[in-house]
Amino acid sequence: MSDATTSAVTTGRDAGAPPPRVLSIAGTDPTGGAGIQADLKSIAANGGYGMAVVTALVAQNTQGVRSIHVPPTAFLVEQLDAVSDDVEIDAVKIGMLFDEHIVAAVSAWLAAVRPPLVVLDPVMIAASGDSLVSGEAVAAIRALLAEVDLVTPNVPELAALVEAPPASGWDELLEQARRLATDHGVLVVAKGGHLEGPAARDALVAPDGEIVEFTSDRVDTRNSHGTGCSLSSAIATLRVRTGSWPAAVGEAKRWLTAALRDSDSLAVGRGSGPVSHFVGLWDAAGSLGPLGAHVDRVIPGSSAEPASSDGDRNTPGAAEVERAWWASIEPIRTATDELAFVRYLGDGTLDREAFVRYLAQDALYLREYARALAAASLLAPTPEEQAFWAASANGAIAAETELHAGRVGHESLFSAEPFDTTSAYVDHLLAFAARGDYLGLVAAILPCFWMYDDIGRRLAARRRPDHPFGDWLATYDDPAFAASTRSAIEIVTRHAAAVDGEERERMRRAFEVSARHELRFFAAPLQVPSD
Ligand SMILES: Nc1ncnc2c1ncn2[C@@H]1O[C@H](COP(=O)(O)OP(=O)(O)O)[C@@H](O)[C@H]1O
Ligand SMILES: Cc1ncc(COP(=O)(O)OP(=O)(O)O)c(N)n1
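All residue numbers for the sequence shown refer to this note's numbering, where the first residue is 68 and numbers rise by one.
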């Protein structure tokens, strides 16, 4: 990403700084799944302090919109001023703006207050198909783009903004997003939730045409009410916390996918229900456990005696482990993204010799990584895990090495000496294997799946017809590898959630050390190897 899209501050907010103060300017949903109610939950779930200014009161539920009441514009302005006269605002998320008068009032307030970050979700139509804006609002929202940093249209909203028919496929969606970003000098998160297919893809598109893609499995649920509201307010909050737009979008999507997966558990409404905003947090806080556990003094044998132990209350679910571990390596991931090797590989300016050095080290690494995977298969406690790691070992040694050999030539590939970084990484993995430590081993194995899949998808998105490493980048965009990565994450985080806190932290450290090895591995081809 260019300087315009990534700030220098990439490692989160300063210790001791307050949580991001994020203002939502949006309409309401009395069932709590969309609009301001969703925004406040999303901001809180992602570590921010939420504030809310209401633009419209919407009588709606999970099945549809019944009526809309728009308070006088002067009252909207009073609400906005009441917040900004008193509170320092770190980011603003704008949602439903019913008509051009509302848009004008918000626009004037933005010009006067100049909040540091503004995310616009150009809400037009609810999931139920009901319109949430008047006919004139669309042109006014288009004009508002000049005053925001990032806009998050879904398929029909993007089409309305670029005055084209709704995109029917991914490439058309990207093309429309590129046009919107360039014409209005705004970052665009094009959301592919309304497209067909097994994956739910979004893309962050910059005005200079640079694209970063984010892909998750499509969750099989009808509970998509408020996903756009929740995503945009999460992005606003996480942008303050991470200092980086790609990191904010990636984290927000990861969180939203987990919230979608858990949405059926809420059982709210008979239509398209809300997502589970606090998935993971409720598990971590033991909020779903028996009540009455927090008492100052317990008389043994009395009815006030807690039904579960403190240990139970502090046990996270797998989704929370997934989020916490991924967040814990955010500085390592950002540093990897910023490596010259990764940037040059992406934009095609990487020196050919450095590329070959990388392939040779990768081939050496994969041979040993396959041994680590085979050891995981040997130690696995269930036939499913045994089969999964065995298949992954096969994939690593056969497919990937074949791929490398096809590019460099078998001889030059295996005559290379391992760099110290390669040996250190392999030793870290094989030490767990040698000790028969299954949990440490699979935790250490995970970053190679997870970080490679994450970086790879974003690199693959930068492919263009004349890209010198285009065919190589294409191999990163492999849905089968994405599916294996998901399985690996689920196996490891399920185990981590099931063990006690000390063991979980030991696993997380093994995971983090491997993430550091990944960083060094990507850095090595452009550094002079040590003797
Ligand atoms: N079934 C699904 N599984 C996973 N992610 C989804 C699903 N549906 C939507 N999303 C994600 O939710 C977010 C909102 O997407 P979308 O439905 O396109 O927008 P909106 O809610 O504004 O109509 C995007 O990140 C999209 O990829
Ligand atoms: C008050 C209000 N604002 C926005 C929406 C639309 O929400 P969105 O997140 O785009 O999700 P869908 O429900 O349309 O999928 C809304 N319904 N109400």
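Glycine included, each C-beta is placed from N, C-alpha and C at the ideal position.
Contact fails between the segment 487-498 and the segment 229-249, because fewer than three Cβ pairs, one in each stretch, are under 8 Å apart. Taking the Cα of residue 297 as reference, the smallest distance to any Cα among 407, 112, 265 is reached at 112. For secondary structure counted as the alpha helix (DSSP H) over 4 or more consecutive residues, the segment 224-289 holds these complete runs in sequence order: 237-251. Here the alpha carbons of residue 497 and residue 425 stand approximately 21 Å from one another. Where residue 104 is concerned, the enclosing alpha helix (DSSP H) starts and stops at 102-112.
Here the C-alpha atom of residue 451 lies approximately 44 Å from the C-alpha atom of residue 189.
With fewer than 16 other Cβ atoms from the protein chains shown falling within 10 Å of its own Cβ, residue 454 counts as exposed. For residue 438, the closest of 448, 459, 428 by C-alpha to C-alpha distance is 459. Contact fails between the segment 94-104 and the segment 270-288, because fewer than three Cβ pairs, one in each stretch, are under 8 Å apart. The Cβ atoms of residue 303 and residue 186 sit closer than 7 Å to each other. Closest by C-alpha distance to residue 182, out of 196, 161, 169, 198, is 161. Residue pairing from DSSP places residue 131 in a beta bridge opposite 128. An exposed status is given to residue 154, since fewer than 16 other beta-carbon atoms sit within 10 Å of its beta-carbon. Of the other Cβ atoms in all chains shown, 16 or more fall within 10 Å of the Cβ of residue 489; this residue is therefore buried.
For residue 192, the beta-bridge partners assigned by DSSP are 198. Not one heavy atom of ligand 1 lies closer than 6 Å to the C-beta of residue 388. Under the three-state reduction of DSSP output, residue 550 falls in the helix class. A direct Cα-to-Cα measurement between residue 150 and residue 591 gives close to 50 Å.
Note: residue 116 is bridge-paired with 88 in the DSSP secondary-structure output.
For residue 400, the closest alpha carbon among the candidates 196, 587, 320 is that of 587. In the pairwise beta carbon analysis, the segment 314-322 is classified as not touching the segment 330-343: fewer than three pairs are separated by under 8 Å.
Comparing alpha-carbon positions, the option among 487, 331, 158 lying closest to residue 585 turns out to be 487.
A distance of 7 Å or more separates the beta carbons of residue 346 and residue 563.
A Cβ-Cβ contact shorter than 7 Å links residue 307 with residue 157. CA-CA distance, residue 292 to residue 583, rounds to 39 Å.
Rounded to whole angstroms, the gap between the alpha carbons of residue 176 and residue 146 is 11 Å. Nearest C-alpha to residue 444 among 542, 524, 555, 420: 555. Taking the CA atoms as reference points, residue 517 sits about 44 Å from residue 169. Contact between the segment 389-408 and the segment 516-536 is established, with three or more Cβ pairs separated by less than 8 Å. Taking 8 Å as the upper bound for CB-CB distance, residue 301 and residue 323 are in contact here, some 7 Å apart.
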